[in-house]
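Structure first, then comments.
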Amino acid sequence: MTLTNNLKEQLTDFVDSYKKHFKKTFGVAITFTLICFIIAALLFRFSEFDKSVTAKPISLLSYFFHRYSKGDTYLIIDLTKTVFIFFVSLYSLGLLRLSNKDIENKELSFKHFFRLIKGKDVLILITIFVVCAVIDFILFKIDSFSAINTKTKNADIYIHDTCFHLRIYLPLVFFALALRALTTIDKTKLTLKRILFLYISLWLYNEFANEISLWVRAHVFGLVLMPLDNPQTYYLIESVIGIPLIAFYFLGYFSAMTTSLKLTVLS
Numbered sequence: 005m006t007l008t009n010n011l012k013e014q015l016t017d018f019v020d021s022y023k024k025h026f027k028k029t030f031g032v033a034i035t036f037t038l039i040c041f042i043i044a045a046l047l048f049r050f051s052e053f054d055k056s057v058t059a060k061p062i063s064l065l066s067y068f069f070h071r072y073s074k075g076d077t078y079l080i081i082d083l084t085k086t087v088f089i090f091f092v093s094l095y096s097l098g099l100l101r102l103s104n105k106d107i108e109n110k111e112l113s114f115k116h117f118f119r120l121i122k123g124k125d126v127l128i129l130i131t132i133f134v135v136c137a138v139i140d141f142i143l144f145k146i147d148s149f150s151a152i153n154t155k156t157k158n159a160d161i162y163i164h165d166t167c168f169h170l171r172i173y174l175p176l177v178f179f180a181l182a183l184r185a186l187t188t189i190d191k192t193k194l195t196l197k198r199i200l201f202l203y204i205s206l207w208l209y210n211e212f213a214n215e216i217s218l219w220v221r222a223h224v225f226g227l228v229l230m231p232l233d234n235p236q237t238y239y240l241i242e243s244v245i246g247i248p249l250i251a252f253y254f255l256g257y258f259s260a261m262t263t264s265l266k267l268t269v270l271s
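Going by the numbering used here, the first residue of the sequence shown is number 5, and it counts up by one from there.
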């Protein structure tokens, strides 16, 4: 399959996934998001920001698209996006294994999803999460080492941007490959081309999600919360009203993490 055909099919699947499953699974996505936000709040509780950090988070939504570790200080709150992808993977497992009879239901519940998820699945996904957390820490340390020891500014900027990029996309790729291993009997070899097409699909949706978040927070949430002057109140309310926004992304990441690998089986 060529890149153009792959992109065409992937973009079509984004639309079809929302058309077929959004209304039926949004309640499940909301529940997963609530759990994700609770974990993010706990991670924040045990994170102490470096004094040199100037970009302060406005709400829990900030941790999904930004990293706040700096200098010698690694913050576990940076794992929020990886926690989110972990729950997207659980959601995706359930959705991939649903029978035609289940899909015909007007609304799907946790019962439909969790009866299809095995202990082995959870163990494997937790293992992937731990691996991603270790890699995230290592990439942060490489970035910090580069900032101190790299002789040229341009080289430091390149290493910083590369590490930041890998911290975002390696977890997405690893969880996508885990979903493939858990849900298919296809033994087609994973080639560099297939991984590249997967990365492109993930990049497309992640950038879309990022831009949508920026727009909604600036023009919708900003308007609603405009009368608030207290930063703590703003933080709390935007975190709460941001739950449906993050839940909206579940189907998009599901499509990006699963469709490309299916399409490239035929290539």
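Glycine included, each C-beta is placed from N, C-alpha and C at the ideal position. These numbers were taken from a predicted model, which means no experiment stands behind them.
Simplified DSSP assignment, three categories, for residue i
{"i": "T29", "result": "helix"}
{"i": "T268", "result": "helix"}
{"i": "K193", "result": "coil"}
{"i": "K55", "result": "coil"}
{"i": "T86", "result": "helix"}
{"i": "T154", "result": "coil"}
{"i": "T8", "result": "helix"}
Same chain, Cβ closer than 7 angstroms to residue i, neighbours up to 5 away in sequence not counted
{"i": "N214", "result": "F69"}
{"i": "S272", "result": "Given a span of 5 to 271 for the chain in the structure shown, any question on residue 272 remains unanswerable."}
The alpha helix (DSSP H) enclosing residue i, as first and last residue numbers
{"i": "I121", "result": "Segment: none, I121 is in no alpha helix (DSSP H) and carries neither H nor E."}
{"i": "I216", "result": "L196 to W219"}
{"i": "D184", "result": "Note on residue identity: the sequence assigns Arg, not Asp, to residue 184. Run containing R184: K157 to T187, per the alpha helix (DSSP H) assignment."}
{"i": "T237", "result": "P235 to I245"}
Cβ neighbour criterion (16 or more within 10 Å) applied to residue i
{"i": "F149", "result": "exposed"}
{"i": "A180", "result": "buried"}
{"i": "K55", "result": "exposed"}
{"i": "I39", "result": "exposed"}
{"i": "S21", "result": "buried"}
{"i": "D82", "result": "buried"}
{"i": "L46", "result": "exposed"}
{"i": "Y162", "result": "exposed"}
{"i": "L7", "result": "exposed"}
{"i": "D165", "result": "exposed"}
{"i": "K85", "result": "buried"}
Contacting residues, own chain, Cβ-Cβ under 6 angstroms from residue i (five flanking each side not counted)
{"i": "L64", "result": "F41, A44 and S243"}
{"i": "L100", "result": "T187"}
{"i": "S205", "result": "Q14, A260 and S264"}
{"i": "C167", "result": "L143, I146 and D147"}
Beta-carbon separation (whole angstroms), residue i vs residue j, contact threshold 8 angstroms
{"i": "F18", "j": "S259", "result": "5 angstroms"}
{"i": "I199", "j": "L174", "result": "Contact doesn't hold; Cβ gap of about 11 angstroms is too wide."}
{"i": "F36", "j": "F91", "result": "4 angstroms"}
{"i": "A33", "j": "F254", "result": "4 angstroms"}
{"i": "Y209", "j": "G256", "result": "5 angstroms"}
Cutoff 8 angstroms; reference residue i; Cβ partners in own chain excluding five residues on either side
{"i": "D160", "result": "S150, A151 and T154"}
{"i": "L232", "result": "Y238 and I241"}
{"i": "L120", "result": "L97, G98, R101 and L102"}
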